Structures are given as structure tokens and as C-alpha cells.
Amino acid sequence: MAMEFEDFEPIFCEPKVEFSAQSSSPLPQFLLHAYASDSSHLVIHAANFHSDTWEALLSVSQLEDIRDITGIGGSWSEFFDYFITSIKSADLKLVLEGNSGFDGASYGKAKLVAQKSKGMPVISIPLTKLADTAAREAMSNLSLRLFNAFKSTKNSLNQEQEHNAQLTKAIAAEKAKSESMQLLEQRQKFQKTSALEKADVSTNGLQNSPEKQATRDTGSTKAKNRVVPAHRRTKVRGAQLCDNDES
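Note that UniProt numbering numbers the sequence shown so that position 176 is 176, with each residue one more than the last.
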């Protein structure tokens, strides 16, 4: 069970303030701070940084008593999770008893009323009034721990933003690289296609060039003007008619 307190993350919240009886006094604002003072104790402080500072010091045995009173079953871990969730709930109430007049007189009693959700078991935690040095130390501790929590959250946010910026930069670089490769492939494909087209044009041009055409025409003319040899000429057969003076 002590391990639960060692891993406990501090809680900061603003409880809803209520009066146990009707009062004409304005509702004050309180900040609540819950943390583990050691491995076996939880401390809860509620302060308005004016005239009221309250405290609850809870040991493991006291939490067991709260568990028995509320009737929450299950394991210790399940109860402790329920307890913490109830403290973190937006419906956490700080109930004040007695009136604080305009002369600055403080309230007589106070308690925390925590509930995970409507219809679930209600946890009631009585608070002890702090005064003088104890009250000032509690407020100082609350302020310092709240600032440290804010600083830690801010550092985590800055780290997350830096990580996101690096990730965005890496994605942009990868996208640019991919687009560059696609452009290079398209250019190479275009160059290859152009080279093939030029080769076809060059081949057709050589075949239709004047020199080639003249060569073909000369060959054709020579073929037409070639003299047939005498021995291959066709002999003319038949009688030869001629004039005869003697007849």
C-alpha cells in the first residue's frame, strides 16, 4: 500500500465552496493541494490565502477507516483509485460551517465531500484549521509546489512542441525527397521518350534524304536505259520483200 503513496502525483484543484447553512456572506475561493508527505501519509491543504487554511493528514489506517465507512469493496488499489478520482472530480466540495463576517472572522469547521460521480459512494474528509506559522507554511508550500507543477508542465509542453516541430520538419523533408525522386523519374522517362522519337525521326530522314533519293533514281534510270545484248535480241522471222529489177 505504501507504494501507492510513493507514486502519488500531486493534485491541484479548486473545490466548489458551499455553506452548511444559509448565509449572506459571499462564497470565498479556495485552492486545494493534495500530496504525499512520505510513503505512508497523504496531506490535503485547502487555503483561501486570507484567513482560512485547512488541513487533512491521512495515514493508511485512516484511509482504511474511510473505506469501511463508505462501504467501498474490492482491493486496496481499487479503493485508492476511487479516492483519488473523487478528489480530482469537478464536483469536489468544500463545505464550511459557521459564518465568516465582514470583520474577517474565519469559519468554524470545514470538510471535503468527494464523489466520483452521482450515485456513487460519498467520501467525507474532516479538515483541521491551521493558524499562524502552520498556516503560513501550508500556503507557502502550496504556492511553491503549484509553481513547480506549472514549470514542469510548461517544460513538458515545450519538449512536446519541439518534438512536433522536428517531426513536422522530418515529414516535410521526406515529402520533398519523394517529390524530387518522382520529378527525376518523370524527367528520365521524358528524356528516354524524346531520345526514341529523335531516333525514329533521324532514321526516316536518312531514308528520305536527297542523296538516298538520287541514288534510287539513278539506279532506276540505268535500269530503264540498259541496252539488251545482240544475242538476246528477238530474231525477226519471215520473207524479206525487196524490189527485183530483173523481174
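Every residue, glycine too, gets a C-beta built ideally from N, C-alpha and C.
Everything numeric in this text was worked out from a predicted model, so none of it was measured.
Nearest Cα to M139 within the set I44, K151, G108: I44. Residue pairing by DSSP places T128 opposite E55 in a beta bridge. Residue state for Y82 is assigned as helix, using DSSP reduced to three classes. Beta bridge pairing from DSSP links V17 with L94.
Between F12 and S40 the beta-carbon gap is near 22 angstroms, outside 8 angstroms, which marks them as no contact. A distance of 8 angstroms or more separates the beta carbons of I72 and A34. Note that the C-beta distance between A135 and I123 is not below 8 angstroms. Around Q29, the same chain offers E14, V17, N48 as residues with beta carbons nearer than 8 angstroms, after the five sequence neighbours per side are excluded. Exposure of K169 is indicated by the presence of fewer than 16 other C-beta atoms within 10 angstroms of its C-beta. Here I87 is not bridged, per DSSP, to any residue. DSSP, read as helix, strand or coil, puts H50 in coil.
Judged by DSSP secondary structure, S37 falls within the beta strand (DSSP E) whose first and last residues are 31-38. By the Cβ-count criterion, K192 is exposed, with fewer than 16 other Cβ atoms from all chains shown falling within 10 Å of its own Cβ.
A straight line joining the alpha-carbon of I125 with that of N158 spans about 37 angstroms. With fewer than 16 other CB atoms across the displayed protein chains lying within 10 angstroms of its CB, F147 is exposed. Residue environment analysis places K116 among the buried positions, since at least 16 neighbouring C-beta atoms fall within 10 angstroms of its C-beta.
Annotation for Q62: no beta strand (DSSP E) segment contains it, though the alpha helix (DSSP H) segment containing it runs 60-70. Between T128 and E64, the C-beta spacing is not below 8 angstroms.
The continuous beta strand (DSSP E) containing L112 extends over residues 109-115. The C-beta distance from Y107 to L92 rounds to 17 angstroms, too long to fall under 8 angstroms, and the pair is not in contact. A check of alpha carbon separations from L57 across L130, G119, H50, Y82 identifies L130 as the nearest. With respect to the 8 angstroms criterion, A36 and L42 are classified as neighbours on the basis of their beta carbons.
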